[in-house]
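Visitor: Numbering (our numbering), first residue to last: 62 to 187.
First the structure, then my questions, so here it is.
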Amino acid sequence: MEQQLLGSMTRAGAIHKVEGAQQIIPSMNEPGVNAFIGDAYANPEGSQMCSGFFELKAGEPLVYEYTYDEMKFVVTGQFRLTDLSTGERLVADAGSILFFPKGTNVKFETDDYALGFFTGDRDFSA
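Here it is as structure tokens:
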């Protein structure tokens with residue numbers, strides 16, 4: 062299993078630390094959508110966990126379907142979210158924690174800028 066890193070990693074025994082990952086978040090390459098995502102760490106020590114950053118800038122909304130369970134912490138800014146299965150909406154400001162169960166189909170929007178840190182239950186070795 063090959064681990065994926067953005068930034069640089071150091072270790073102290075069993076403890077892993079990644080720094081600088083938020084500085085190099087790659088584009089999602091969705092036409093008209095200013096969305097960026099990158100894993101700071103994926104599947105460390107054989108686990109199914111991954112974590113990283115999701116950045117959204119004003120522009121067209123991003124529609125995304127989750128193929129895994131994920132939690133997201135809003136670091137800065139504001140995400141406007143629509144559950145496309147129900148049409149229900151909510152706003153997540155800095156400090157909010159979100160949970161997206163596998164199968165969730167969501168529309169992400171922002172009026173300006175939002176940055177989230179996520180951790181997901183997905184395995185890149187499969």
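Even for Gly, the Cβ is constructed at its ideal location relative to N, Cα and C.
Quick check on DSSP: helix, strand or coil for E106?
Guide: E106 falls in the helix class under three-state DSSP.
Visitor: Could you tell me the alpha carbon to alpha carbon distance between A103 and V79, rounded to whole angstroms?
Guide: 11 Å
Visitor: Between the Cα of F161 and the Cα atoms of D144, T171, T71, which residue gives the shortest distance?
Guide: D144
Visitor: Can you pull the DSSP bridge partners for S88?
Guide: F97
Visitor: Please classify D188 as buried or exposed, where buried requires at least 16 neighbouring CB atoms within 10 angstroms.
Guide: With the chain running from 62 to 187 in the structure shown, residue 188 is simply not present.
Visitor: Just to confirm, are F169 and V136 a CB contact at a threshold of 7 Å?
Guide: no
Visitor: Can you name the residues that DSSP bridges to L145?
Guide: Beta-bridge pairing links L145 to no other residue.
Visitor: Is V94 closer than 7 Å to L123 when the C-beta atoms are compared?
Guide: yes
Visitor: Can you find the residues in the same chain that come closer than 7 Å, C-beta to C-beta, to A82, ignoring five residues on each side of it along the sequence?
Guide: Excluding residues within five positions, the ones whose Cβ falls inside 7 Å are L67, G68, G99, A101, G113, F114.
Visitor: DSSP has E80 in a bridge; who is on the other side?
Guide: DSSP lists S69 as the beta-bridge partner residues of E80.
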